[in-house]
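Counting from 1 along the sequence shown, just add 9 to a position and that's the residue number in our numbering.
Just so you know, even glycine gets a beta-carbon here, dropped at the ideal spot from N, CA and C.
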Amino acid sequence: MNVGKILEAKGSEIIALEDTCTVLEVAKLLGERRIGAIPIMRGAQLCGIISERDVVRGLAIRGGGVLADGVSTLMTKSVVTCGMEDSVQQLMVMMTERRIRHVPVVENGQLKGMISIGDVVKERMQETEQEAEALKAYISSA
Ligand code: AMP
Numbered sequence: 010m011n012v013g014k015i016l017e018a019k020g021s022e023i024i025a026l027e028d029t030c031t032v033l034e035v036a037k038l039l040g041e042r043r044i045g046a047i048p049i050m051r052g053a054q055l056c057g058i059i060s061e062r063d064v065v066r067g068l069a070i071r072g073g074g075v076l077a078d079g080v081s082t083l084m085t086k087s088v089v090t091c092g093m094e095d096s097v098q099q100l101m102v103m104m105t106e107r108r109i110r111h112v113p114v115v116e117n118g119q120l121k122g123m124i125s126i127g128d129v130v131k132e133r134m135q136e137t138e139q140e141a142e143a144l145k146a147y148i149s150s151a
């Protein structure tokens, strides 16, 4: 299974914000949509990513006033992305090594979707179940 197939299954909706937004707008959208990270756009260009951890860390260090600040003061600007052809295995390695739970999918410079660690775990569990079923069928047919 690859990234393209995961996106096909979960739909192509992209929840993103412009780099002119505030941390408060980020927090509201994270809460309303029950998601953990938001890609930040400058026009059509992906220019950052902000996760709930960034917001919590910002609040802890700078206090409530951080909510009025621009998103670019807290977001990560060097975004790790993946492509449609990347495998679930490659994503697992990427997420584990870099300690990130969200990876934007970019094709020809365009943001095509987001893959979360939840998507990866769900996919891996399905694969494991299928492998177990195939093994059971093989053993009982022997
Ligand atoms: P997360 O695990 O997604 O909550 O993010 C943990 C930290 O990694 C935060 O500082 C995020 O801004 C950053 N981060 C999350 N996803 C990415 C990504 N795809 N590329 C670069 N940094 C990221």
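What would DSSP say about K121, mapped onto helix, strand or coil? strand
So which residues touch the region around the ligand AMP, with touch meaning a C-beta under 5 Å from any heavy atom? A46, I58, S60, R62, D63, T85, V88, V89, I109, R110, H111, V112
When you compare each of V97, A25, R133, R42 to M84 by their alpha carbons, which one comes out closest? A25
The segment 70-77 touching the segment 49-56, judged by at least three CB pairs closer than 8 Å: no
Does DSSP put R43 in a helix, a strand or coil? coil
Quick check on DSSP: helix, strand or coil for S60? strand
Assuming contact is defined by CB atoms lying nearer than 9 Å, are G118 and Q54 in contact in what I supplied? yes
Can you check which of these residues, A36, D95, T82, R110, is closest to C56 by C-alpha distance? T82
Using 8 Å as the Cβ pair cut-off and three pairs as the minimum, do the segment 13-32 and the segment 121-141 touch? A contact is defined here as three or more CB-CB pairs under 8 Å, and the segment 13-32 meets this definition with respect to the segment 121-141.
Do G92 and V114 have their beta-carbon atoms positioned less than 9 Å apart in this structure? Yes, they are a contact pair.
Which residue from E41, A36, E116, V12 puts its Cα closest to that of R66? A36
Roughly how many angstroms separate the alpha carbons of D28 and K131, rounded to a whole number? 31 Å
Over what stretch of residues does the beta strand (DSSP E) that includes V112 continue unbroken? Counting along the chain, the beta strand (DSSP E) containing V112 begins and ends at 111-116.
Cut-off 6 Å between Cβ atoms - residues of its own chain near R42, not counting five sequence neighbours on either side: For R42, where only same-chain residues beyond five positions count, the Cβ hits under 6 Å are I24.
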